[in-house]
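Quick mapping for you: the protein sequence lines, in order, are chains A and B.
Quick note, the first sequence lines up with residues 0 to 291 if you use numbering that gives the first Met the number 0.
Quick note, the second sequence lines up with residues 0 to 186 if you use numbering that gives the first Met the number 0.
Backbone N, C-alpha and C define an ideal beta-carbon position, used for all residues, glycine too.
Down below is the structure, laid out as structure tokens.
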Amino acid sequence: MKEYAYYPGCSLESLGKSYHLSTLEVATRVGIDLKEIEDWNCCGATAYFPVDEMLAYTLSARNLAIAEKTGLEDFVAPCSACYKNSYTTNKYLKSDPDLAEHINYALEKDNLHVTGRMHVRHLIEIFVEDVGMEVIQKSVTNPLNNLKVAPYYGCQLVRPRKNDENVENPRYFEDLLSALGAEPVEFESKSRCCGGSLIITNRHAALDMVEKLLQDAVYSQAEIIATTCPMCNVNLEVYQRQVNLEFGTNYSIPVVYFTQLMGTAFGCDSKSLGINKNVIPNAIERSLVKVD
Amino acid sequence: MAVQHTFSKEIGDMMYASHENPITDCIQCGTCSGTCPAIEFMDYSPRKIIGMIRADLKEDVLSSNTYWSCASCYHCTVRCPAGIDIAEMMYALKRYSMWKDQHKEGLIGPAFSESFVKMIVNSGRSYEPILAATYLPKFSASDIIQEAITASGLVFGGKMNLFPKKIKRIKNLQNAIRRIVPIGELS
């Protein structure tokens, strides 16, 4: 059983609790062990960088240092903002000895030392690249009956660029959904921003961004939207009512974490996936009625 | 006589993340503006802001809402043909404006960032409901919880923590932070 240093991030303890639950449930089913690192702190999100760049890197560096102590190789973040911050910090620590020295001088105060040796990865990459489609397909007991799913990558999972990957039209989320028996729709806005933290600082702009995404999901004939980030999930789901009020629209499209879809296809009960209502079975049922 | 630095040099110096790609490489093609999902809400487009920085129009840049409207989605960054990390440039402008305490009136961003940092320095973790309650007078934390009996189980069976956790070694974290920025005494 391959082990990973797992960094849930703050959102998964509050608004993204169901992402955390479904992640752990699904990981067990495909035989990977996500070991939560001890005493982790906030990654800095998007609100830290406006204050001090060095401080933001130091926060992420502390988590990386704690992960390095475990002896494991991979640092896994389910939240795209945590992923981006940890990834870039790790990259700079590895490539800039002066930065590493300064940050290590600070981390001495917590008896920690960071080298930048972790492989920082997003949760979905673990399923797609390490577990692989074959094992995922074999774990499916309740295929999703061609449920039309909009694969919403969001922004910080895909950007900024890491290597030479396709940042304009990634396809791995679609492949994962197909392995579950769902039908990924062509969702043009799949990596367009949901507004992220602007939902607090610039409500009007963020709701407009959410509205455009919902509009495109409906246009793509998606019956459900799957997300890879707690920020995206909250913006698209919780603020749908606000969007309807503001824009005079009538959206009621379910939004779930990709791990909740995986769990449903694996036959996990909805409670263990943190799902309150039978949104996924209901969506499948609606989709079947349409086919008939 | 003191050396007078251009505004583009000052901003460039505040961008560790992208020091290899100076703002002065901009060819004013407008790809960033065509890409930006928040452009309709900005006083000046990203392309114009870069032009204005290079023209040393510091006051006009700082008093615009453009950089505080950036959602940090990095779409401009990956598309810029000159390789400028425009999203990081927006962060540099935010830092500059916080540092100088100079920004357009009525923006929530600066105060939000400040509160966020204070929260993390005090507890080591962030907690959205409290932040939301502080900044959304029309939409309090209890409203969020009322609304949030939603599909993905946002508030799952009462399992959502009602208060943010403090990390165990918060004192060590604070002492580490003191070696980076002056944060003074904390409660």
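Roughly how many whole angstroms lie between the Cα atoms of residue i and residue j?
i: A205 of chain A; j: I198 of chain A; result: 5 Å
i: H102 of chain B; j: E284 of chain A; result: 52 Å
i: P181 of chain B; j: M14 of chain B; result: 20 Å
i: E182 of chain A; j: S219 of chain A; result: 12 Å
i: P45 of chain B; j: C25 of chain B; result: 11 Å
i: L302 of chain A; j: V148 of chain A; result: Residue 302 of chain A is absent from the structure shown; chain A starts at 0 and stops at 291.
i: E39 of chain B; j: H101 of chain A; result: 40 Å
i: N249 of chain A; j: M208 of chain A; result: 16 Å
i: L213 of chain A; j: I119 of chain B; result: 33 Å
i: I223 of chain A; j: Y73 of chain B; result: 26 Å
i: I274 of chain A; j: A54 of chain B; result: 54 Å
i: S139 of chain B; j: V233 of chain A; result: Bear in mind that a pLDDT of 45 at S139 of chain B, under 50, signals an unreliable position, so the model cannot answer this.
i: P159 of chain A; j: T88 of chain A; result: 13 Å
i: E113 of chain B; j: W98 of chain B; result: 11 Å
i: M132 of chain A; j: Q259 of chain A; result: 17 Å
i: F126 of chain A; j: G153 of chain A; result: 18 Å
i: N144 of chain A; j: K270 of chain A; result: 21 Å
i: G123 of chain B; j: I176 of chain B; result: 11 Å
i: N103 of chain A; j: V60 of chain B; result: 36 Å
i: A80 of chain A; j: A55 of chain A; result: 12 Å
i: I179 of chain B; j: L172 of chain B; result: 11 Å
i: I252 of chain A; j: E210 of chain A; result: 12 Å
i: G247 of chain A; j: V139 of chain A; result: 40 Å
i: W67 of chain B; j: I169 of chain B; result: 30 Å
i: I49 of chain B; j: K161 of chain A; result: 25 Å
i: L179 of chain A; j: F257 of chain A; result: 10 Å
i: G105 of chain B; j: P77 of chain A; result: 34 Å
What's the call for residue i, buried or exposed, on a 16-neighbour Cβ count within 10 Å?
i: G262 of chain A; result: buried
i: Q155 of chain A; result: buried
i: Q301 of chain A; result: Any answer about residue 301 of chain A is impossible in this case: the structure gives chain A only from 0 up to 291.
i: V2 of chain B; result: exposed
i: L244 of chain A; result: exposed
i: R170 of chain A; result: exposed
i: G194 of chain A; result: buried
i: G199 of chain B; result: The question about residue 199 of chain B has no answer, for chain B in this structure spans 0 to 186.
i: Y18 of chain A; result: buried
i: N20 of chain B; result: buried
i: K16 of chain A; result: buried
i: M125 of chain B; result: The question names Met, but residue 125 of chain B is Ser in the sequence shown. When all chains shown are included, S125 of chain B counts as buried.
i: M88 of chain B; result: buried
i: P96 of chain A; result: exposed
i: G11 of chain B; result: buried
i: A282 of chain A; result: buried
i: H121 of chain A; result: buried
i: K165 of chain B; result: exposed
i: E164 of chain A; result: exposed
Any heavy atom of the ligand GDP inside 7 Å of the beta-carbon of residue i?
i: T45 of chain A; result: Ligands displayed in this structure: none; no statement on the ligand GDP is therefore possible.
Contacting positions in the stretch 170–181 of chain B - beta carbon closer than 8 Å to chain A: N171, L172, N174, A175, I176, R177, R178, I179, V180
Given 8 Å, three or more beta-carbon pairs between the stretch 185–199 of chain A and the stretch 105–119 of chain A: No: fewer than three Cβ pairs fall under 8 Å.
Chain-ordered residues of the stretch 87–112 of chain B with a beta carbon less than 7 Å from chain A: Y90, K93, R94, M97, I107, G108, F111, S112
Every unbroken alpha helix (DSSP H) within the stretch 75–111 of chain A, with a cutoff of 4 residues, ordered by chain: 79–94, 96–106
Selection of the stretch 149–181 of chain A by Cβ proximity to chain B, strictly under 9 Å: G153, C154, Q155, V157, R158, P159, R160, V166, E167
Chain-ordered residues of the stretch 97–109 of chain A with a beta carbon less than 7 Å from chain B: Within the stretch 97–109 of chain A, the qualifying residues are Y104, A105, L106, K108, D109.
Near-chain B residues of the stretch 189–211 of chain A - C-beta to any C-beta below 9 Å: S190, R191, C192, C193, G194, G195, S196, L197, I198, I199, T200, N201, R202, H203, A204, A205, D207, M208, K211
Meets three-Cβ-pair contact criterion under 8 Å: the stretch 34–51 of chain A and the stretch 89–108 of chain B: yes
Interface positions of the stretch 31–46 of chain B facing chain A (Cβ-Cβ less than 8 Å), listed along the chain: P36, A37, E39, F40
The stretch 30–44 of chain A touching the stretch 83–90 of chain B, judged by at least three CB pairs closer than 8 Å: no
Interface positions of the stretch 71–87 of chain A facing chain B (Cβ-Cβ less than 9 Å), listed along the chain: Those residues of the stretch 71–87 of chain A that come within reach of chain B (Cβ to Cβ, closer than 9 Å) are A80, K83, T87.
Stretch-stretch touch, CB-based, cutoff 8 Å, three pairs: the stretch 10–22 of chain A with the stretch 214–231 of chain A: yes
Alpha helix (DSSP H) runs contained entirely in the stretch 175–222 of chain A, provided each spans 4 or more residues: Segments of the alpha helix (DSSP H) lying fully in the stretch 175–222 of chain A: 197–200, 202–218.
The stretch 102–114 of chain A touching the stretch 69–83 of chain A, judged by at least three CB pairs closer than 8 Å: no
Cβ contact check for the stretch 28–42 of chain B and the stretch 63–78 of chain B: 3 or more pairs under 8 Å: Verdict: yes, contact present.
Sequence ranges, beta strand (DSSP E) only - wholly within the stretch 33–77 of chain B, length at least 3: none
Interface positions of the stretch 47–66 of chain B facing chain A (Cβ-Cβ less than 7 Å), listed along the chain: none
Contact residues within the stretch 1–13 of chain A, judged by C-beta distance below 8 Å to chain B: Near chain B, meaning a CB-to-CB distance below 8 Å, the residues of the stretch 1–13 of chain A are C9, S10, E12, S13.
Beta strand (DSSP E) runs wholly inside the stretch 106–177 of chain A, at least 3 long, in chain order: 118–121, 147–150
Residues of the stretch 41–56 of chain A whose Cβ lies closer than 7 Å to any Cβ of chain B, in chain order: C41, A44, T45, A46, Y47, F48, P49, V50, D51, E52, M53, L54
Under 9 Å (Cβ pairs) to chain B, residues found in the stretch 21–41 of chain A: Cβ contacts with chain B come from S21, E37, D38, W39, N40, C41.
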